[in-house]
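See structure below.
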Amino acid sequence: MMASLPDQFNALVIGASGTIGAAFVDLLRSAPRCASVVGLQRNLPPHLDFADENSVARAASKLAAGPRFHLIINAAGLLHSEEFMPEKRLADLNYAQMRATFEANTFGPALVLRHFVPLLDRERAIMAVLSAKVGSISDNRLGGWYSYRASKAALNMLIKTASIEVARSQQNSVLVALHPGTVNSRLSQPFKGETIGRPAHVAAAEMLGVLDTLTSPDSGSFKSYNGSELPW
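Numbering-wise, the sequence shown is residues 1009 to 1240 according to our numbering.
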């Protein structure tokens, strides 16, 4: 697993309490070539909560004293909550839902880019942020899910833009937006995720397989769990 990374590589998973994040942590901890796995979440120190801007900087500062990371995965995100479901119509749009969705899917990951890119190893490093195919503007044929689609489209632009800047000083780092597909998780359960989704560990293994193939020219790309390139 992750044979393209140096032996005894160090990994970090943000959103480690979620279904997919926990699967990434489990797989990486069982990989003989992985020396360490740090899982960040809201409820355990060092706390990282996208609702608290300063928590992202504090978590990065605490980890800066340790080894540099060869792999960073942001698996945190929000599609629905106890308060709302994805909007189907323009009439459903409201500030509270849009703020919460963008905070989790765009603003938080943007701060992860700001504070955690400096923690990437200079020899070879990959930072993957889970996006979604429905964030593709050119692929949008069904409409709906306004906030979620828009937040992921904005996230994709952040990844693309950051990859250009990072390439100037960290040529061996790869930044990528990664579509996980349908996974049997809390996020997908209201949408038949239990029947059409893959187990989280299967999805995580597929995504790690894709990440293992990436090289510097792939930085700033939008990839699917099956390795295909997705349209912006």
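A virtual CB, placed ideally from N, CA and C, is assigned to each residue, including glycine. Nothing here was measured: the structure is a model prediction, and the numbers come from that model.
Each residue's CA atom was taken as its position, placing Ala1059 and Thr1221 some 33 Å apart. The region 1159-1177 makes contact with the region 1102-1116; the number of CB pairs closer than 8 Å reaches 3 or more. Nearest C-alpha to His1088 among Trp1153, Asn1180, Trp1240, Ser1227: Trp1153.
The three-state secondary structure of Phe1092, taken from DSSP, is coil. Per the coordinates, the alpha-carbon of Ser1224 lies some 6 Å from the alpha-carbon of Ser1181. Counting every other CB atom within 10 Å of its CB across the protein chains shown gives Gly1151 a total below 16, marking it as exposed. Here the C-alpha atom of Ala1099 lies approximately 31 Å from the C-alpha atom of Phe1230.
Around the Cβ of Gly1085, a 10 Å sphere holds 16 or more other Cβ atoms; the residue is buried. Residue environment: Tyr1103 is assigned as exposed (fewer than 16 neighbouring CB atoms within 10 Å of its CB, all protein chains considered). In this structure, Ser1044 sits near Asn1018, with a CB-CB distance shorter than 8 Å. The C-beta distance from Val1174 to Val1125 rounds to 6 Å, short enough to meet the 8 Å contact threshold. Straight-line spacing of the CA atoms in Leu1128 and Leu1101 works out to 38 Å. Taking all protein chains shown into account, Gly1235 has fewer than 16 neighbouring C-beta atoms within 10 Å of its C-beta and is therefore exposed. In the structure shown, the three-state DSSP call for Arg1107 is helix.
Collapsing the DSSP output to three states places Leu1183 in a strand. Of the residues assessed, Pro1188 falls on the buried side of the cut-off, its CB having 16 or more other CB atoms within 10 angstroms.
In this structure, the straight-line span from the alpha carbon of Gly1217 to that of Asp1226 is close to 14 Å.
Distance between Lys1141 and Asp1015, taken at the CA atoms: about 32 Å. Put simply, of Ser1146, Phe1077, Ser1139 the residue whose alpha carbon is nearest the alpha carbon of Ile1028 is Ser1139.
A direct Cα-to-Cα measurement between Ser1063 and Gly1023 gives close to 13 Å. Where Val1218 is concerned, the enclosing alpha helix (DSSP H) starts and stops at 1208-1220.
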